[in-house]
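Below is one structure, written out as structure tokens; the observations come after it.
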Ligand SMILES: NC(=O)c1ccc[n+]([C@@H]2O[C@H](COP(=O)([O-])OP(=O)(O)OC[C@H]3O[C@@H](n4cnc5c(N)ncnc54)[C@H](OP(=O)(O)O)[C@@H]3O)[C@@H](O)[C@H]2O)c1
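Numbering (the working numbering), first residue to last: 1 to 178.
Pasting the structure below:
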């Protein structure tokens with residue numbers, strides 16, 4: 001079985017990007033040279049599963065910084081070839097979260113980093129997220145792309161810890177109660 005894990009930053013009002021996808025507000029705060037635990041987190045991850053929105057945002061930055069294989073879930077991209085410079089690093093797949101995780105399990109993966117707002121919402125609704133590290137940036141955006149959606153169920157969380165950084169970032173770790 002593959003477990004899903006979230007490591008993401010939001011504005012204090014819960015947005016992961018502006019409406020147009022911009023994360024300038026996040027990059028500004030990420031320049032303080034603080035260790036927010038990403039390297040430790042990614043060290044225990046076998047594969048990254050992201051949505052098309054996140055893939056396209058990363059591609060627009062012009063640099064591929066992932067050190068793990070990436071699976072992009074997308075009906076649109078699955079019709080296209082993976083760009084030659086990303087062959088062997090990225091795959092496009094038009095499958096449900098359940099089928100994607102089953103495929104990854106059959107390949108021997110254990111822990112997947114799930115990234116992208118809409119993708120995380122889908123995985124949460126399907127009970128496929130084990131835990132979430134959410135770093136809140138001290139800014140109110142007022143509008144944008146939300147981390148969480150309108151899941152009709154309550155999702156109970158166990159708070160595992162919170163730490164704050166001199167930059168003002170506040171990071172909390174939650175396990176999803178099954
Ligand atoms: N703050 C942070 O830490 C952080 C982290 C990650 C991303 N971001 C930002 O967030 C934005 C991207 O997030 P997003 O919420 O807009 O998009 P997303 O979740 O990355 O991608 C959504 C797209 O994935 C595809 N998809 C395939 N299967 C899906 C499923 N089961 N559920 C939902 N979508 C599925 C759909 O595209 P198709 O129509 O092609 O199928 C859908 O439009 C970017 O601006 C990025 O920079 C911020």
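From the three backbone atoms N, C-alpha and C, an ideal C-beta is built for every residue, glycine too.
Residue i - containing beta strand (DSSP E), residue span
i: residue 175; result: 170-176
i: residue 29; result: From DSSP, residue 29 is part of no beta strand (DSSP E) but of the alpha helix (DSSP H) over 24-29.
i: residue 46; result: Element bounds for residue 46: n/a, residue is neither H nor E.
i: residue 5; result: 3-11
i: residue 136; result: 131-137
i: residue 32; result: Segment: none, residue 32 is in no beta strand (DSSP E) and carries neither H nor E.
i: residue 17; result: 15-17
Beta-carbon gap between residue i and residue j smaller than 8 Å
i: residue 34; j: residue 148; result: no
i: residue 111; j: residue 45; result: yes
i: residue 106; j: residue 19; result: no
i: residue 89; j: residue 70; result: yes
i: residue 78; j: residue 2; result: no
i: residue 214; j: residue 129; result: The shown model of the chain, from 1 to 178, leaves out residue 214, and the question about it has no answer.
i: residue 16; j: residue 145; result: yes
i: residue 156; j: residue 177; result: yes
Contact test: residue i Cβ vs ligand 1 heavy atom, cutoff 7 Å
i: residue 52; result: yes
i: residue 136; result: no
i: residue 151; result: no
i: residue 30; result: no
i: residue 115; result: yes
i: residue 96; result: yes
i: residue 76; result: yes
i: residue 67; result: no
i: residue 130; result: no
i: residue 168; result: no
i: residue 119; result: yes
i: residue 8; result: yes
i: residue 62; result: no
Local Cβ density within 10 Å of residue i, reported as buried at 16 or more and exposed below that
i: residue 127; result: exposed
i: residue 101; result: buried
i: residue 9; result: buried
i: residue 163; result: exposed
i: residue 122; result: buried
i: residue 152; result: exposed
i: residue 97; result: buried
i: residue 115; result: buried
i: residue 168; result: exposed
i: residue 12; result: exposed
i: residue 161; result: exposed
Element boundaries [alpha helix (DSSP H), containing residue i]
i: residue 157; result: Taken as a continuous stretch (DSSP letters only), residue 157 belongs to no alpha helix (DSSP H), being part of the beta strand (DSSP E) at 157-164.
i: residue 120; result: 117-125
Length at least 3, wholly inside the segment 66-97: the beta strand (DSSP E) runs in chain order: 70-73, 90-93
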